[in-house]
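Just so it is clear: in the sequence shown, position 93 is 96 by my numbering, and no numbers are missing. Ideal Cβ placement from N, Cα and C applies to all residues, glycine included.
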Amino acid sequence: MKKIKYLLKFTSEYDYAKTLLEGKLFMNQASYYHNLEVGQGDIREGSFSNESMAYVGTSYPIYCLYAAYEHQLVDNSIIVPEKLATDFQAKYVTVIKFDEFMQMLKNNELGTEYGLTVGEVNYRYLSIEDSHEMLKGEKNSLLYKTPNFKYQQEFRIIVHENLEPITKKEVLDGMEVECIIGYEHKIYSLKRDLQGIAKIIKLDECKCVDGNMIISLNQGIL
């Protein structure tokens, strides 16, 4: 089994990276990712079959990180696809020690009364058996994406809380009704910051070779 050594969060702004370092996780609902730009979103996010556009749990908040495995570490650097920075228009990456961060979650330091699902995303097309297991609650549809996103190596934190809906009045069949057009985001705060187990690195200081980015752990800013 491949061992995760670090979790990476790519961000376009330093303030976003600093917020994570302070222990604050900005989460959106799964359905938010359906309509993102190419490379970020998957229209079947949370869908329980390859053909169906029916979704499960898409009002749950999720936090997405990149899982860096042991074999990606070379000379105290992490080797990742350069495409990751391009997809997210990233200028910074927050690098978090995996084992220490997981221990914080196990200790319920996220400070929520709701249950959590944490794990790596599976990149494959769903079988009929997968769909049945998702409908029965035996598998989480939010941990599956289509194979073309495999390079993202996502690790997800899912909070089993239904976010506050955003509504808009619409006229349907001559009647005015409240329609849900989305869900509010939410910030979850850890009980302590990540200063001892994480650092922020500027991507313009990283070398790129043959489509890969070399993130040196010897550099970093706070």
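Given a threshold of 16 other Cβ atoms within 10 Å of its Cβ, counted over all protein chains shown, does residue i qualify as buried or as exposed?
i    : result
M4   : exposed
C67  : buried
L108 : exposed
R127 : exposed
Y17  : exposed
S50  : Because S50 sits at a pLDDT of 47, beneath the cut-off of 50, its placement in the model cannot be relied upon, and the following sentence gives the value as read from the coordinates. Under this definition S50 is a buried residue.
M178 : exposed
P64  : buried
T61  : buried
Q92  : exposed
Ignore the nearest five residues each way along the sequence and tell me which others in residue i's own chain have a CB closer than 8 Å to its CB.
i   : result
G26 : S192, L193, K194, R195, D196 and L197
In the DSSP assignment, find the alpha helix (DSSP H) that holds residue i and state where it starts and stops.
i    : result
F104 : F101 to K109
I131 : I131 to L138
K12  : First-last for K12: I7 to T14, but that is the beta strand (DSSP E), not the alpha helix (DSSP H).
A93  : Counting along the chain, A93 falls outside any alpha helix (DSSP H), and DSSP gives it neither H nor E.
Y19  : Y17 to L24
Between which two residues does the beta strand (DSSP E) carrying residue i extend?
i    : result
I82  : S80 to P84
P64  : P64 to Y72
P168 : P168 to L175
L113 : Note, L113: premise wrong, no beta strand (DSSP E); not H, not E.
V124 : Segment: none, V124 is in no beta strand (DSSP E) and carries neither H nor E.
Assuming the contact rule is C-beta atoms closer than 8 Å, residue i and residue j should be a hit. Round their C-beta distance to whole Å, please.
i    : j    : result
L220 : I7   : Between I7 and L220 the Cβ distance is about 15 Å, and since that is not below 8 Å, they are no contact.
Y95  : T14  : 5 Å
V83  : N215 : 7 Å
A70  : L10  : 6 Å
Helix, strand or coil for residue i per DSSP?
i    : result
K194 : coil
Y154 : helix
E208 : helix
Q75  : helix
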